[in-house]
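Before any comments, here is the structure.
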Amino acid sequence: MAQVSVPDKPRLPPRQGAMALGLLAWAVAVAAAATAASAALITAPVPARRGSQEGAFAVVDDEFGTGEGLVRLKVLTNRVTGERLEVAWNLGGRTESLQLRSPTGRMREVLLSSRRNATDARKNVGWKGSMLIPYANRIKNGTYKLNGETFHLQRNEDRGVYGKNGLHGYLYSKEMKIVHTSADDHSAQITLAHSFDGQDPGYPFPLDVNLTYKLDNGGFTLTTRSRNRAPRGRPLPFYSSWHSYFMVTDISRAVLEFDKCPWWNHILVSNNSNFYGDLIPTGLAEQFKLFDGRNPIGGTTKAPTYFDDEFKAISPSEACTRLETRIKDPVAGESTVLWGDRQHRWMQVYTGTVKDCGVQAIAVEAMNGEADSWNNEEGIRLLQAGEVWEGSLGVYLEQLSPLRRPDLAAPGGTAFGSMATARGNDGLV
Numbered sequence: 000m001a002q003v004s005v006p007d008k009p010r011l012p013p014r015q016g017a018m019a020l021g022l023l024a025w026a027v028a029v030a031a032a033a034t035a036a037s038a039a040l041i042t043a044p045v046p047a048r049r050g051s052q053e054g055a056f057a058v059v060d061d062e063f064g065t066g067e068g069l070v071r072l073k074v075l076t077n078r079v080t081g082e083r084l085e086v087a088w089n090l091g092g093r094t095e096s097l098q099l100r101s102p103t104g105r106m107r108e109v110l111l112s113s114r115r116n117a118t119d120a121r122k123n124v125g126w127k128g129s130m131l132i133p134y135a136n137r138i139k140n141g142t143y144k145l146n147g148e149t150f151h152l153q154r155n156e157d158r159g160v161y162g163k164n165g166l167h168g169y170l171y172s173k174e175m176k177i178v179h180t181s182a183d184d185h186s187a188q189i190t191l192a193h194s195f196d197g198q199d200p201g202y203p204f205p206l207d208v209n210l211t212y213k214l215d216n217g218g219f220t221l222t223t224r225s226r227n228r229a230p231r232g233r234p235l236p237f238y239s240s241w242h243s244y245f246m247v248t249d250i251s252r253a254v255l256e257f258d259k260c261p262w263w264n265h266i267l268v269s270n271n272s273n274f275y276g277d278l279i280p281t282g283l284a285e286q287f288k289l290f291d292g293r294n295p296i297g298g299t300t301k302a303p304t305y306f307d308d309e310f311k312a313i314s315p316s317e318a319c320t321r322l323e324t325r326i327k328d329p330v331a332g333e334s335t336v337l338w339g340d341r342q343h344r345w346m347q348v349y350t351g352t353v354k355d356c357g358v359q360a361i362a363v364e365a366m367n368g369e370a371d372s373w374n375n376e377e378g379i380r381l382l383q384a385g386e387v388w389e390g391s392l393g394v395y396l397e398q399l400s401p402l403r404r405p406d407l408a409a410p411g412g413t414a415f416g417s418m419a420t421a422r423g424n425d426g427l428v
């Protein structure tokens, strides 16, 4: 090894030398403290502080599956809290996972998802987390008329003797473009885009869709912006939803609370049955007060009371500009809040996940139109050339206080006995 010549240290006057020794001692003490702090960080990691150079929020890439079955993700993360949102941009922007920290400090998986099963995600089993565009819910017989012309959608729901419907639109299978990502100390955001080219069955319209996902200290926000990109010509039909399933400890003991600003109607369907029928609205409705935040869903853990029902907020949108639905889990002492702006005035509630896949989760879908709206015109949006529609919804968690915590139903009990009886128990499993 070659020797390195080191020059002699310059001599300092006595006073400066003493000062130097003092500074040296201070530096050694600081270094020792820094070493101890580093050791503490190694044994007990501390997240980056807000305002640090690394930033409190980030957007990273991830994926699961292999080959043609690969599912590609954009992951929005809060480095301070550990919260994260996973979005599958090559599967129509579906939310693959949402983890939020509750007020009790517990990290929760909020949504039912494919659990990183690429086959499940690709097959779109149960529409878990899917964006339902350009139509949400059902279009009867997959057929509708617009300006005197009849259109035939893909009939992808087979209800046996009750017929086939067009269900939930076409976006779920599309690979979207990533047009924006950003992250700072306040939030992480991504925007995905897709342009419908008129090749999907029964939808020959030039619809542009932008989906913006935002994670911040207030939870998760999803904004949909849709535009008729034609410079001139006929209007196009549109409405949308997000197929969100919310995890609970026990569906039968969970409690739903619709927003108290409006009153609510239950949308009646064929055969007055949420099971033996096509689930297409008849045009009739009845006032509904059972989801008042006090009564559990009912039934048993293995067979909760069955709902696959639609509801509408009845009040001027100017009076109720934001609607909040609470999915209360009294066993955990926590509540998930799904909010929607004034556009989202319909709710679909589904409790059949135990029967379907053995999981305790309730689907609550905020919609901006009614099932079959392209035929019954309840909430239909007709976008003229160049016209834009925009709406937002989101999720956050809150703690159930003892004063607000509903009583736990005894196993086998139900708060909806009168409704089940009126339906002849056709919805119970």
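First residue of the sequence shown? That's 0 in numbering that gives the first Met the number 0, and the numbers climb one at a time after it.
Here a beta-carbon is modelled for each residue, glycine too, at the ideal position from N, C-alpha and C.
As the structure is a prediction and not an experimental result, all values here were calculated from the model.
Subject >> With 16 other Cβ atoms within 10 Å as the buried cut-off, status of Leu75 >> reply: Against the sequence shown, residue 75 aligns to sequence position 76. Answer is buried; the Cβ neighbour count reaches 16.
**OP:** Identify every run of the beta strand (DSSP E) within the stretch 257-322, keeping only runs that are complete inside it and at least 3 residues long; order them along the chain.
**Re:** Along the length of the stretch 257-322, whole beta strand (DSSP E) runs at least 3 residues long occupy 262-268, 280-287, 291-295 and 307-313, reported in chain order.
**OP:** Within its chain, find whatever has a CB closer than 8 Å to the CB of His179; leave out the 5 residues flanking it on each side and keep chain order.
**Re:** The residue you call residue 179 lines up with position 180 of the sequence shown. The answer, listed in chain order, is Gln188, Ile189, Thr190 and Thr211.
Subject >> Rounded separation between Asn294 and Glu62 - CA only >> reply: By 1-based counting over the sequence shown, the position of residue 294 is 295. By 1-based counting over the sequence shown, the position of residue 62 is 63. Between Asn294 and Glu62, the C-alpha separation is close to 41 Å.
**OP:** Tell me where the beta strand (DSSP E) around Asn77 begins and ends.
**Re:** To locate residue 77, count along the sequence shown from 1; it is residue 78. Val70 to Asn77 is the extent of the beta strand (DSSP E) around Asn77.
Subject >> Alpha carbon of Phe55 to alpha carbon of Ser181, nearest angstrom >> reply: For the purposes of this step, residue 55 is taken as residue 56 along the sequence shown, with counting starting at 1. For the purposes of this step, residue 181 is taken as residue 182 along the sequence shown, with counting starting at 1. Correcting the residue identity first, residue 55 is Ala in this sequence and not Phe. Approximately 12 Å between the Cα atoms of the pair.
Original post:
Glu389 bridges to which residues according to DSSP?
Top reply: On the sequence shown, residue 389 is found 390 positions in, with the first residue counted as 1. Glu389 pairs with Arg224.
Original post:
DSSP state of Ala409, grouped into three classes?
Top reply: In the sequence shown, the residue the question calls residue 409 occupies position 410. Residue confidence is low: Ala409 scores 44 on pLDDT, short of 50, so the model does not pin down where it sits. Its coordinate-derived value is still stated next. Coil, per DSSP.
**OP:** Closer than 8 Å by C-beta to His265: which residues in its own chain qualify, once you throw out the five before and the five after it? Chain order, please.
**Re:** Within the sequence shown, residue 265 is the residue found at index 266, counting from 1. Its chain contains Ala284, Glu285, Gln286, Phe287, Asp308, Glu309 and Phe310 as the residues whose beta carbon lies nearer than 8 Å to that of His265, once the 5 sequence neighbours on both sides are disregarded; these appear in chain order.
Subject >> beta strand (DSSP E) segments (min. 3 residues) lying fully within the stretch 112-152 >> reply: 137-139, 142-145 and 148-151
**OP:** Identify whether Arg49 lies in helix, strand or coil by the three-state DSSP scheme.
**Re:** Walking along the sequence shown from the start, residue 49 turns up at place 50. Confidence at Arg49 is low in this model, with a pLDDT of 37, below 50, so the placement of that residue is unreliable and no value is reported for it.
**OP:** Measure the CB-CB distance between Asn140 and Gly162 and report whether it falls below 8 Å.
**Re:** Residue mapping note: residue 140 aligns to position 141 of the sequence shown, counting from 1. Residue mapping note: residue 162 aligns to position 163 of the sequence shown, counting from 1. Yes, these two residues count as a Cβ contact at 8 Å.
Original post:
Val353 to Gln359, Cα distance in whole Å?
Top reply: On the sequence shown, residue 353 is found 354 positions in, with the first residue counted as 1. On the sequence shown, residue 359 is found 360 positions in, with the first residue counted as 1. Going by the C-alpha atoms only, they are around 6 Å apart.
Original post:
Where Ser186 and Met346 are concerned, what is the direct C-alpha to C-alpha distance, given to the nearest angstrom?
Top reply: Here residue 186 refers to the residue found at position 187 of the sequence shown. Here residue 346 refers to the residue found at position 347 of the sequence shown. Answer to the nearest angstrom: the Cα atoms are 28 Å apart.
Original post:
In the stretch 201-250, which residue ranges form an unbroken beta strand (DSSP E) of at least 3 residues, counting only runs that do not cross its ends?
Top reply: 206-215, 218-227, 235-237 and 244-246
Original post:
If we ignore side chains and look at the alpha-carbon of each, how far apart do Pro303 and Leu278 end up?
Top reply: As a working note, residue 303 is residue 304 in the sequence shown. As a working note, residue 278 is residue 279 in the sequence shown. In a straight line, the C-alpha of Pro303 is about 20 Å away from that of Leu278.
**OP:** Alpha carbon to alpha carbon, how far is Arg226 from Leu381? Give it in angstroms, no decimals.
**Re:** Here residue 381 refers to the residue found at position 382 of the sequence shown. Here residue 226 refers to the residue found at position 227 of the sequence shown. Each residue's Cα considered, the two are about 10 Å apart.
Original post:
How far does the alpha helix (DSSP H) with Val353 in it reach, from first residue to last?
Top reply: On the sequence shown, position 354 is the one that residue 353 refers to. Element bounds for Val353: Thr352 to Cys356.
Subject >> For Trp345, the three-state DSSP class (helix, strand or coil) >> reply: Here the question's residue 345 lines up with position 346 in the sequence shown. Three-state result, Trp345: strand.
Original post:
According to the Cβ coordinates, are Glu333 and Gln383 closer than 8 Å?
Top reply: Against the sequence shown, residue 333 aligns to sequence position 334. Against the sequence shown, residue 383 aligns to sequence position 384. Cβ atoms of Glu333 and Gln383: not closer than 8 Å.
Subject >> Rounded C-alpha distance that separates Lys127 from Gly68 >> reply: Within the sequence shown, the letter at position 128 stands for residue 127. Within the sequence shown, the letter at position 69 stands for residue 68. Note on geometry: alpha-carbon atoms of Lys127 and Gly68 lie some 17 Å from one another.
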